[in-house]
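Residue 1 is where the sequence shown starts when you use UniProt numbering, and the numbers rise one by one after that.
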Amino acid sequence: MRKLVLCFLLVSVARVAAKPPNIVFILADDYGWNDVGYHGSEIRTPHLDRLSERGVRLENYYVQPLCTPSRNQLMTGRYQIHTGLQHQIIWPCQPYCVPLDEKLLPELLRDAGYDTHMVGKWHLGMFKKDCLPTRRGFNSFFGYLTGSEDYYNHSRCSFITPLNVTRCALDLRDGEEVADNYTGRYSTELFTQRATDIITRHTPEKPLFLYVALQAVHGPMQVPERYVAPYSFIKHTLRREYAGMVSAMDEAVGNISQALQDAGLWNDTVFIFSTESVCALVSHKVALFPLCRTDNGGQTLTGGNNWPLRGRKWTLWEGGVRGVAFVSGPLIEQPGAVSRELVHVSDWLPTIVGLAGASTNGTKPLDGFNVWDAISRGKASPRVELLHNIDPLYVDTSPCPGGEVLGEFLEESLRSSASRAAALGSRSEFNISVHAAIRYKNWKLLTGYPGCPLWFAPPGGRPAEASEPLKQVMLFDIEKDPEEREELSHQRPEVVSFLLRRLQQYQKQAKPVVFPPDDPHCDPQTTGAWGPWDDANRNEFVNELKNRLRRR
């Protein structure tokens, strides 16, 4: 009997080794913590709820507070301080991209025999062709290159600083060719259709890696009315439109998972869903207790919500970095679990490469960990520390709602704590005025100004809650206090000292920030489309567009 069991195990192991799993990774953009059904939202997400219930929900999962940094760390497995992308995002006319000497996740998988495809938003740089997805490991690409676009006409408008002009141009490509025949197709549905086509056409000789980076639910707020109609009970206009966009995104996830089942691929697939960054909040009235109160309407952005977490997109508070994620599929060994193990977006590269039986040879030293055992088997995560970011150039370009009064309030808060912060900072060489945050086990330390510190209630509810006076060094016990309400730096100076030393060690490893000014050669006026403009490729690109026009 034991021999039979041994033979069965050997055959099973050999089968797994011979046939790595398909991997489908869906990335949702600007999706709020409080906007998924299983977190108690009024927005209906039946497909996300069902898939996550049959898989593992990651409830201690972190991303970056902006688009490019999250995608960069997903694709490289490295903190943004190690690639020079610590600051902001890559804007359409900035002449840089994820460093070309970084070996990306699709390259590693393609080297291991995977058929690699990408659909959706790239946003990792495009100033020359070598930066494009098809030059970075993907066998096919259908999507857009910049950070946002119109959902229907697929155009992007951007201000070009050296030319002092705003240009609007098409941003949609099929491979490296401009795709100009999809006007009027809603991008969530368009990208879903391409993803399901890839699945339907896939042959089982090679394992599949499909990366679907949906535009949803990033602004602009656009959605077919049929998705909005079920939310007539939501009175806040942007929240209602946002809810419709979430429903369209949820349906897309359901359609992709169904396509895998219809194609007979589901049983050999690891299905991953992750937010890329959390939502850009819609705000309303803001109470600035205890120093002041305003009844003015706040800054209106989009309709998402991260309640009860503090902060929003662009900040290092939990509401800016804690993401929604789950892993589903029959290969999960303990389905139906909720994992509270620490996981970061940079962990996906080593985890996926490990699942594929591939190698990370050729990559630079990774900051991510293989967390598959923590996800699938309920083991402890190998990650105990997480660098959220160190950005020496941080400027708050999206101030809190409440206007100048709130700005003065926050400035005074930081100034009033300067002497105490200096005493704490003297324990380390790290410059505590720098925008930075680090997590170690249950502890989270923030320095400088982390971004808007309010707690935003769901739109249409009570006013956002204001902060107590801020300090340049703040410590929170995230396990006990995920809402970051009780600041503990005074009670635990030894933890502060340890984490400041860790920040200094990271800072010594950091590459200089890469954030070049706009290049006027990016101007898409001649071609009508955003795309590579580097001198070595510009003539080829322009001639390609002219030839397409002649053929019409």
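Just so it is clear, CB atoms sit at the ideal spot from N, CA and C, and this is done for glycine as well.
Since this is a predicted model, take the numbers as computed values, not measurements.
| In the DSSP assignment, what are the bridge partners of M118? | Within the sequence shown, residue 118 is the residue found at index 118, counting from 1. Partner(s): F141, Y211.
| message | Does T161 come out as helix, strand or coil in the three-state DSSP assignment? | response | Here residue 161 corresponds to residue number 161 of the sequence shown, with the count starting at 1. Helix.
| Whole runs of the alpha helix (DSSP H) within the stretch 51 to 86, excluding any shorter than 4 residues | Runs of the alpha helix (DSSP H) inside the stretch 51 to 86: 67 to 76.
| task | Give the DSSP-derived three-state secondary structure of R309 in the structure shown. | result | As a first step, residue 309 is located in the sequence shown; it is residue number 309 there, counting from the start. Here residue 309 is Leu; the residue named in the question, Arg, does not match the sequence. DSSP places L309 in coil when its eight states are reduced to three.
| task | Can you grab the Cα-Cα spacing for the pair Y227 / D262, in whole Å? | result | Against the sequence shown, residue 227 aligns to sequence position 227. Against the sequence shown, residue 262 aligns to sequence position 262. Distance from the CA atom of Y227 to the CA atom of D262, rounded to whole angstroms, is 25 Å.
| query | Quick one: what's got a C-beta closer than 8 Å to E149's C-beta in the same chain, skipping five residues either side? | reply | Mapped onto the sequence shown, residue 149 falls at position 149. Within the same chain, E149 has close Cβ partners S155, R156, D171, L172, S187, Q215.
| query | For R135, which residues of its own chain have a beta-carbon under 7 Å away from its beta-carbon, when the five flanking residues on both sides are left out? | reply | The count along the sequence shown starts at 1 and reaches residue 135 at position 135. For R135, where only same-chain residues beyond five positions count, the Cβ hits under 7 Å are K129.
| request: Determine the closest residue to A213 out of Y31, P524, G304, P512, with distance taken between C-alpha atoms. | output: Locating residue 213 in the sequence shown gives position 213, where the first residue counts as 1. Minimum Cα distance to A213 is reached at Y31.
| message | Rounded to the nearest angstrom, what separates H521 and W91 at their Cα positions? | response | Locating residue 521 in the sequence shown gives position 521, where the first residue counts as 1. Locating residue 91 in the sequence shown gives position 91, where the first residue counts as 1. Roughly 14 Å separates the two Cα atoms.
| said: Which of the three DSSP states is assigned to L168 in this structure? | reply: Within the sequence shown, residue 168 is the residue found at index 168, counting from 1. At residue 168 the sequence reads Cys, which differs from the Leu that was named. DSSP places C168 in strand when its eight states are reduced to three.
| query | The beta strand (DSSP E) spanning F326 covers which residue range? | reply | The sequence position of residue 326 within the sequence shown is 326, counting from 1. Its beta strand (DSSP E) spans residues 325 to 328.
| Of the residues G336, D367, P516, the one placed nearest Q80, counting alpha carbons only | Your numbering for residue 80 matches position 80 in the sequence shown. Residue D367 is the option with its Cα nearest to Q80.
| field | Assigned secondary structure, Y152 (DSSP; H/G/I helix, E/B strand, else coil) | value | Position 152 of the sequence shown, counted from the first residue, corresponds to residue 152. Three-state DSSP puts Y152 in coil, outside helix and strand.
| Do you know whose CA, among L331, A457, G55, T83, lies nearest A356's CA? | On the sequence shown, residue 356 is found 356 positions in, with the first residue counted as 1. The option with the nearest alpha carbon to A356 is L331.
| field | Rounded distance between the beta-carbons of D49 and G40, thought under 8 Å | value | For the purposes of this step, residue 40 is taken as the residue at position 40 of the sequence shown. For the purposes of this step, residue 49 is taken as the residue at position 49 of the sequence shown. Actually they are not in contact, since the Cβ atoms of G40 and D49 sit about 11 Å apart, beyond 8 Å.
| query | Secondary structure at F456, three-state DSSP: helix, strand or coil? | reply | Looking up residue 456 in the sequence shown gives position 456. Under the three-state reduction of DSSP, F456 is assigned to coil, being neither helix nor strand.
| request: Flag this pair as yes or no: are the beta carbons of V327 and V56 separated by less than 7 Å? | output: As a first step, residue 327 is located in the sequence shown; it is residue number 327 there, counting from the start. As a first step, residue 56 is located in the sequence shown; it is residue number 56 there, counting from the start. Yes.
| query | Applying the criterion that 16 or more other CB atoms from any shown protein chain within 10 Å of the CB defines a buried residue, is D35 buried or exposed? | reply | Within the sequence shown, numbered from 1, the residue matching residue 35 stands at position 35. The residue is buried, with at least 16 neighbouring Cβ atoms inside 10 Å.
| W348 - containing alpha helix (DSSP H), residue span | One-based indexing of the sequence shown puts residue 348 at position 348. Where W348 is concerned, the enclosing alpha helix (DSSP H) stretches over 348 to 355.
| message | For Q491 and E468, I'd like the C-alpha separation in whole angstroms. | response | Taking the first residue of the sequence shown as position 1, residue 491 is located at position 491. Taking the first residue of the sequence shown as position 1, residue 468 is located at position 468. Distance from the CA atom of Q491 to the CA atom of E468, rounded to whole angstroms, is 17 Å.
| request: Below 6 Å CB to CB, which residues in the same chain sit around L104 once its five sequence neighbours on both sides are set aside? | output: Numbered from its first residue, the sequence shown carries residue 104 at position 104. Within the same chain, L104 has close Cβ partners M75, R136, G137.
| To which residues of the same chain is P308 closer than 6 Å at the C-beta, ignoring the five residues directly before and after it? | Numbered from 1 along the sequence shown, position 308 holds the residue referred to as residue 308. E483, listed in sequence order.
| Local Cβ density within 10 Å of N267, reported as buried at 16 or more and exposed below that | As a working note, residue 267 is residue 267 in the sequence shown. Flag for N267 reads exposed.
| task | Identify whether D35 lies in helix, strand or coil by the three-state DSSP scheme. | result | Here residue 35 refers to the residue found at position 35 of the sequence shown. Of the three classes helix, strand and coil, the one that applies to D35 here is helix, per DSSP.
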